[in-house]
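Take a look at the structure below.
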Amino acid sequence: MKRSTSILLCEDDPNLGQLLLEYLNAKGYQTDLATDGQEAIKAFKRGSYNFIILDVMMPVKDGFTVAQEIRAEDKHTPILFLTAKSLKEDTLKGFEVGGDDYMTKPFSMEELLARVNVILKRTNPLIMAEEESAVEVLGNYNFDYSKHKLFFGGEETKLTTKENELLYLLAKNKNGILERSYALKTIWGDDNYFNGRSMDVYIAKLRKHLKGDERLEIINVHGKGFKLLVP
Numbered sequence: 072m073k074r075s076t077s078i079l080l081c082e083d084d085p086n087l088g089q090l091l092l093e094y095l096n097a098k099g100y101q102t103d104l105a106t107d108g109q110e111a112i113k114a115f116k117r118g119s120y121n122f123i124i125l126d127v128m129m130p131v132k133d134g135f136t137v138a139q140e141i142r143a144e145d146k147h148t149p150i151l152f153l154t155a156k157s158l159k160e161d162t163l164k165g166f167e168v169g170g171d172d173y174m175t176k177p178f179s180m181e182e183l184l185a186r187v188n189v190i191l192k193r194t195n196p197l198i199m200a201e202e203e204s205a206v207e208v209l210g211n212y213n214f215d216y217s218k219h220k221l222f223f224g225g226e227e228t229k230l231t232t233k234e235n236e237l238l239y240l241l242a243k244n245k246n247g248i249l250e251r252s253y254a255l256k257t258i259w260g261d262d263n264y265f266n267g268r269s270m271d272v273y274i275a276k277l278r279k280h281l282k283g284d285e286r287l288e289i290i291n292v293h294g295k296g297f298k299l300l301v302p
């Protein structure tokens with residue numbers, strides 16, 4: 072992955088856990104290992120992750136319970152379950168509690184990596200955008216995410232990384248609501264107060280960049296987020 076992608080790995084088998092940890096780190100992921108369900112919850116609340124791998128049969132709290140607690144706070148971060156079971160009931164339960172995929176042990180490291188990549192591309196728009204080259208048309212503007220540039224009337228504006236990513240999310244949700252918490256976690260990694268103030272500054276900057284077309288407007292949706300109005 073081109074972006075810095077962090078993974079919370081929850082596996083109680085010390086040998087498998089260490090192997091997966093070293094493999095994912097070697098592939099460029101920033102990976103933390105938790106060895107029981109309670110430790111996994113603490114790590115989740117303490118850190119900020121783009122992906123979660125949960126072993127189902129963990130001590131203290133099982134993977135399904137951990138997933139339910141995570142989903143109570145976070146609806147977006149993808150979860151991949153690992154299990155030694157192949158029962159249909161367990162597979163269905165994994166999806167019911169908010170899982171995105173399910174792998175039965177034993178599995179190859181290459182297959183795990185492929186699953187992680189596919190799910191990230193499907194669920195994280197910024198990772199997907201890195202492989203897109205299409206220019207987004209926003210009123211009288213052309214927005215090229217891959218080049219960090221906004222084009223208007225023969226002129227071009229070079230966007231900062233945060234401006235670029237925020238405009239991408241707004242554009243993909245144009246005329247719809249971009250949830251404040253989702254944008255903060257996706258771009259800043261955490262939806263705390265200080266990051267929220269930072270995002271407000273970048274929203275103001277984007278409004279200035281788009282003022283050449285009076286039909287374009289970024290409005291605040293009270294208690295929810297932002298909406299980019301595009302004709």
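In our numbering, the protein residues as written are 72 to 302.
Just so you know, even glycine gets a beta-carbon here, dropped at the ideal spot from N, CA and C.
Bear in mind the structure is a predicted one, so any value in this text is a computation, not a measurement.
Selected residue, minimal CA-CA separation from residue i, among the options
| i | options | result |
| --- | --- | --- |
| residue 92 | 125, 155 and 119 | 125 |
| residue 156 | 145, 173, 169 and 146 | 173 |
| residue 247 | 295, 227, 218 and 257 | 295 |
| residue 122 | 237, 104, 109 and 129 | 104 |
| residue 313 | 225, 99, 100 and 257 | The chain is shown only over 72 to 302; residue 313 falls outside these bounds and no answer can be derived. |
| residue 78 | 299, 263 and 190 | 190 |
| residue 84 | 129, 152 and 208 | 129 |
| residue 178 | 90, 229 and 231 | 90 |
| residue 180 | 270, 284, 96 and 261 | 96 |
| residue 102 | 279, 81 and 211 | 81 |
Bridge partner(s) assigned by DSSP for residue i
| i | result |
| --- | --- |
| residue 271 | Answer is none; residue 271 lacks a bridge partner. |
| residue 136 | Paired residue(s): none; residue 136 is not in a bridge. |
| residue 208 | 213 |
| residue 77 | 101 |
| residue 172 | 151 |
Cβ-Cβ distance between residue i and residue j below 8 Å
| i | j | result |
| --- | --- | --- |
| residue 242 | residue 214 | yes |
| residue 138 | residue 169 | yes |
| residue 176 | residue 194 | no |
| residue 274 | residue 290 | no |
| residue 127 | residue 118 | no |
| residue 276 | residue 227 | no |
| residue 280 | residue 221 | yes |
Heavy atom of the ligand SAM within 7 Å of residue i beta-carbon
| i | result |
| --- | --- |
| residue 97 | This structure lacks the ligand SAM; in fact it carries no ligand of any kind. |
Residue i at chain B interface by Cβ criterion, 8 Å
| i | result |
| --- | --- |
| residue 262 | Among the protein chains of the structure shown there is no chain B, as only one such chain exists. |
Three-state class that DSSP yields for residue i in the structure shown
| i | result |
| --- | --- |
| residue 292 | strand |
| residue 187 | helix |
| residue 220 | strand |
| residue 125 | strand |
| residue 167 | helix |
| residue 298 | strand |
| residue 232 | helix |
| residue 249 | strand |
| residue 195 | coil |
Delimiting residues of the beta strand (DSSP E) encompassing residue i
| i | result |
| --- | --- |
| residue 229 | 226-229 |
| residue 258 | Neither: residue 258 is in no beta strand (DSSP E) and is coded neither H nor E. |
Opening and closing residue of the alpha helix (DSSP H) in which residue i lies
| i | result |
| --- | --- |
| residue 152 | Where residue 152 is concerned, there is no enclosing alpha helix (DSSP H), although the beta strand (DSSP E) it sits in stretches over 150-154. |
| residue 110 | 108-117 |
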